[in-house]
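Since the structure comes first, as structure tokens, the remarks are kept for the end.
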Amino acid sequence: MIHAYDPATGDLRGVCQGPSPEQAADWQAKGLTVLLGPAVSRERYNYLGGELTAKLLLTLTADRAVIAADGQDQAVVTVTAASTGWSDPEPPAEPEPLYPASVAVAVDGVGQEVALTQGQGTLAVAAAQPGRLSVRAADQVAAYDAGGLEIEAR
Amino acid sequence: MSDLRIQYDEEMVGASHPTKDDTLNRLALVEADTDGHGTQRFLKVRASAPATAAGEGVLYAKTAGGAAELFYRGEDDGQEVQLTAAGLAAAAPPGFLSGLAPSLSAVNQLTLSGGAVDIAGALCRLEEAAAKDFSSLAADAWLYLMAAAPASGVVLGVGNLSLTATAPAWDHGLAGYYDAGKTSRCLGAVRTDGDGDILPFICDGGWFMLADALEILSTTSPATTMTALSAGLPAAFQANRLVSLQGYIQKSGVASAGLLVGHGDTTQSSGAALTLARQAVDGQDGGGQGLYFSNASGQVKYLATSEAAAIIHLRGFRLPAGLAR
Chain A
1 MIHAYDPATG DLRGVCQGPS PEQAADWQAK GLTVLLGPAV SRERYNYLGG
51 ELTAKLLLTL TADRAVIAAD GQDQAVVTVT AASTGWSDPE PPAEPEPLYP
101 ASVAVAVDGV GQEVALTQGQ GTLAVAAAQP GRLSVRAADQ VAAYDAGGLE
151 IEAR
Chain B
1001 MSDLRIQYDE EMVGASHPTK DDTLNRLALV EADTDGHGTQ RFLKVRASAP
1051 ATAAGEGVLY AKTAGGAAEL FYRGEDDGQE VQLTAAGLAA AAPPGFLSGL
1101 APSLSAVNQL TLSGGAVDIA GALCRLEEAA AKDFSSLAAD AWLYLMAAAP
1151 ASGVVLGVGN LSLTATAPAW DHGLAGYYDA GKTSRCLGAV RTDGDGDILP
1201 FICDGGWFML ADALEILSTT SPATTMTALS AGLPAAFQAN RLVSLQGYIQ
1251 KSGVASAGLL VGHGDTTQSS GAALTLARQA VDGQDGGGQG LYFSNASGQV
1301 KYLATSEAAA IIHLRGFRLP AGLAR
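So the sequences go chain by chain: A and B. No gaps in the numbering here: position 63 of the first sequence is 63 in the numbering used here, and each next residue is one more. Every number in the numbering used here is 1000 more than the matching position in the second sequence, counting from 1.
See the structure below:
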């Protein structure tokens, strides 16, 4: 496989089957670093530090999908993170997961740090205005959140 | 069998004698009528092929697979061709393949339907469906399903089947894809995932389709001019293939975005391309699928109408002559 990543951010911008010299040249012309790598899901890996690395796996779940848009009612989002490399479908048995102390989560684009204990923490989400609130990993290069989740405020 | 030759102590008697048996024509009449035309030809089993000189060939019977079978040998001690096997025709047009369609019956288990295949001049048969388990397969690779001719006879067993990452090559004389030694013929190809497990597929006559499509491009920086891209086909038969692709494109902030694909050798900027996927609503995935042709290098060309998240998958491809059933 051919990988292309942004050397400034470590974001894995492209993965394609090889040989594809024209595609590789197009990525290089855009300033991306092009190299050969294994077959991986582009969304789940990055090149932070210049090495192919599995993203922080972030699982977001909410106790409620709908809250009242009164600024008081809250949904509790459970944030589960693991910084170990992992593979689909089974996480590796070794090494033991190394849990980060905290992780940045963006609610409707506004980031906030969530403290984690043994890889798990919670976040309260409230809204004063009706609408759909997206809850995502704040750093999409560093973390994979499988699309995150949405909470509807009515 | 009795000895029908006229013996030294017999009288030489011709046909239609009023009281005596015909001795002179007795031997000839076993295989010919009274008009001299043949009625049948018995062939005694020989231990080996008769020698032939220039300008002649020979038909003969020889034991193969425990039974007397019909063979032909061309001039100058040419290649022996077995014409029958276990009561059935053993010869077919070069490259003949019927049945032997593979399916994935369990994890890393391939089942082939019964059928017949010409392997280097011998029409070999799989008399009923047979399953074979494979293990320790290479990950993320196309593997070629090969059938080797049996050591004796023409009946194939699962022991004659193998998977190899070594690409076979088309042989013009044998009209099939063969290994370097031309002893094993390719029946198809399968794809493995990252764990070395065979991806589910359907082999339907002339088509090979993956149940879960193979990602050949995933990018947030797609080309915006026609750019060649490997279609992800098996190297042995990647050239000029009809391929089935599916694609997705997604971009926020614009009403529409398109992903176009054309033939791998097109020199047109986009006029020869067909839309693979189009986003119709701002920020929402647009998906689609279509049929395209690879070029001699197994590539197609694509472009995105603007910088967007784009994905192209290979769903399957049309099998070439020699593999299509």
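Note that the Cβ used here is the ideal one computed from N, Cα and C, for glycine as well.
What distance in whole Å lies between the Cβ atoms of glutamine 1250 (chain B) and aspartate 1285 (chain B), which are believed to be in contact at a cut-off of 8 Å?
-> About 5 Å separates the beta carbons of aspartate 1285 (chain B) and glutamine 1250 (chain B), which is inside the 8 Å limit, making them a contact pair.
Proximal residues to alanine 1051 (chain B) (C-beta, below 8 Å), its chain only, five neighbours per side dropped = Non-local beta-carbon contacts of alanine 1051 (chain B) in its own chain, meaning distances under 8 Å to residues more than five positions away in sequence, involve Asp1077 in chain order.
Rounded to whole angstroms, what's the CA-CA distance from proline 89 (chain A) to aspartate 1195 (chain B)? Just pull it up for me.
-> Since pLDDT at proline 89 (chain A) reaches only 42, below the 50 mark, its modelled position is unreliable, and the value read off the structure follows with that caveat. C-alpha separation (whole angstroms): 10 Å.
Measure how close the beta-carbons of valine 1117 (chain B) and alanine 1090 (chain B) come, nearest whole angstrom, since I'm counting them as under 8 Å.
-> Contact doesn't hold; Cβ gap of about 12 Å is too wide.
Would you check if the distance between the CB atom of glycine 1095 (chain B) and the CB atom of leucine 1217 (chain B) is smaller than 8 Å?
-> Cβ atoms of glycine 1095 (chain B) and leucine 1217 (chain B): not closer than 8 Å.
is_contact[glutamine 28 (chain A), chain B] using C-beta, thresh 8 Å | No, glutamine 28 (chain A) lies away from the interface with chain B (no Cβ there is under 8 Å from its Cβ).
Length at least 3, wholly inside the segment 97-137 of chain A: the beta strand (DSSP E) runs in chain order | Segments of the beta strand (DSSP E) lying fully in the segment 97-137 of chain A: 102-107, 110-115, 120-125 and 131-137.
Beta-bridge pairing of tryptophan 1142 (chain B) - partner residues as DSSP gives them = Paired residues: B:Arg1191.
N-terminal and C-terminal residue of the beta strand (DSSP E) that alanine 29 (chain A) is part of | Counting along the chain, alanine 29 (chain A) falls outside any beta strand (DSSP E), though it belongs to the alpha helix (DSSP H) covering 21-29.
Three-state secondary structure assigned by DSSP to glutamine 1029 (chain B) | One detail in the question is off: residue 1029 (chain B) reads as leucine in this sequence, not glutamine. Leucine 1029 (chain B): helix per DSSP, three-state reduction.
Report the neighbours of proline 19 (chain A) on chain B: residues whose CB is nearer than 7 Å to its CB, in chain order.
-> Result: Ser1230.
DSSP state of valine 1158 (chain B) mapped onto helix, strand, coil | Judged by DSSP in its simplified three-state form, valine 1158 (chain B) adopts helix.
Beta-carbon proximity of valine 77 (chain A) to alanine 54 (chain A), cut-off 8 Å = Taking the C-beta atoms as reference points, alanine 54 (chain A) is found no nearer than 8 Å to valine 77 (chain A).
Which partner residues does proline 1102 (chain B) have in the DSSP bridge list?
-> In DSSP, proline 1102 (chain B) forms a bridge with B:Leu1112.
Say whether chain B places a C-beta atom closer than 8 Å to the C-beta of valine 135 (chain A).
-> No, no contact with chain B.
Compare the C-beta of arginine 14 (chain A) against all C-beta atoms of chain B and say whether one is closer than 8 Å.
-> The question names arginine, yet the displayed sequence has glycine at residue 14 (chain A). It does; some Cβ of chain B falls within 8 Å.
Using a C-beta to C-beta distance shorter than 8 Å, which residues of chain B count as neighbours of leucine 32 (chain A)?
-> Within chain B, the residues near leucine 32 (chain A) are Ser1221.
In the segment 1066-1092 of chain B, which residue ranges form an unbroken beta strand (DSSP E) of at least 3 residues, counting only runs that do not cross its ends?
-> Complete beta strand (DSSP E) runs here, min 3: 1067-1073 and 1080-1082.
If we cut at 8 Å on Cβ distances, does glutamine 23 (chain A) have a partner in chain C?
-> Of the protein chains in the structure, A and B, none is chain C.
Could you confirm whether any beta carbon from chain B is found closer than 8 Å to the beta carbon of alanine 75 (chain A)?
-> No, alanine 75 (chain A) lies away from the interface with chain B (no Cβ there is under 8 Å from its Cβ).
Do three or more CB pairs link the segment 1213-1231 of chain B to the segment 9-25 of chain A at distances below 8 Å?
-> Result yes; three or more Cβ-Cβ pairs closer than 8 Å.
Specify, as a first and last residue, the run of the beta strand (DSSP E) that glycine 1247 (chain B) falls within.
-> For glycine 1247 (chain B), the uninterrupted beta strand (DSSP E) segment begins and ends at 1242-1250.
Would you please state the rounded distance, in angstroms, between the beta carbons of alanine 1061 (chain B) and alanine 1068 (chain B)? I believe it to be under 8 Å.
-> The beta-carbon distance between alanine 1061 (chain B) and alanine 1068 (chain B), rounded to whole angstroms, is 5 Å. This is short enough to meet the 8 Å contact definition.
Which two residues bound the contiguous beta strand (DSSP E) that contains glycine 1287 (chain B)?
-> Element bounds for glycine 1287 (chain B): 1286-1293.
Return the chain-ordered list of same chain residues with a C-beta closer than 6 Å to the C-beta of glutamine 1289 (chain B), the five sequence neighbours on each side being excluded.
-> Here the set comprises Gln1246.
What residue from A:Ala127, A:Leu116, A:Val34 and A:Ala104 has the CA that sits closest to aspartate 145 (chain A)'s CA?
-> With distances taken between Cα atoms, aspartate 145 (chain A) lies closest to A:Ala104.
Figure out for me which residue from A:Asp26, A:Thr59, A:Gln129 and A:Pro130 has the closest Cα to the Cα of glycine 148 (chain A).
-> With distances taken between Cα atoms, glycine 148 (chain A) lies closest to A:Thr59.
Using the rule of at least 16 other Cβ atoms within 10 Å of the residue's Cβ for burial, across every protein chain shown, is valine 1190 (chain B) buried or exposed?
-> Burial state of valine 1190 (chain B) is buried, judged by a 10 Å Cβ sphere holding 16 or more other Cβ atoms.
Just mark phenylalanine 1208 (chain B) as buried or exposed, buried being the case when its beta carbon has 16 or more other beta carbons within 10 Å.
-> Burial call: buried.
Just the Cα atoms here: how many angstroms apart are tyrosine 45 (chain A) and glycine 18 (chain A)?
-> In a straight line, the C-alpha of tyrosine 45 (chain A) is about 19 Å away from that of glycine 18 (chain A).
Own chain residues within Cβ distance below 6 Å of alanine 1329 (chain B), not counting five before or after | Outside the shown range of chain B (1001 to 1325) lies residue 1329 (chain B), about which nothing can therefore be said.
Integer-rounded CB distance, given that serine 1105 (chain B) should sit under 8 Å from alanine 1131 (chain B) = 6 Å between Cβ atoms; contact.
List in chain order: all unbroken beta strand (DSSP E) runs of 3+ residues lying wholly within the segment 1200-1246 of chain B.
-> For the segment 1200-1246 of chain B, whole beta strand (DSSP E) runs of length 3 or above, ordered along the chain, are 1201-1204, 1207-1219 and 1227-1230.
With distances taken from CA atoms, which of B:Val1030, B:Arg1185, B:Ala1235 and B:Gly1038 is nearest leucine 1323 (chain B)?
-> When only C-alpha atoms are compared, the closest one is B:Arg1185.
What residues in the segment 1076-1088 of chain B bring their beta carbon closer than 9 Å to a beta carbon of chain A?
-> Residues: none.
Quick one, which of B:Ala1141, B:Arg1046, B:Pro1168 and B:Leu1145 has its alpha-carbon nearest threonine 1192 (chain B)'s?
-> Comparing alpha carbon positions, the residue from B:Ala1141, B:Arg1046, B:Pro1168 and B:Leu1145 closest to threonine 1192 (chain B) is B:Ala1141.
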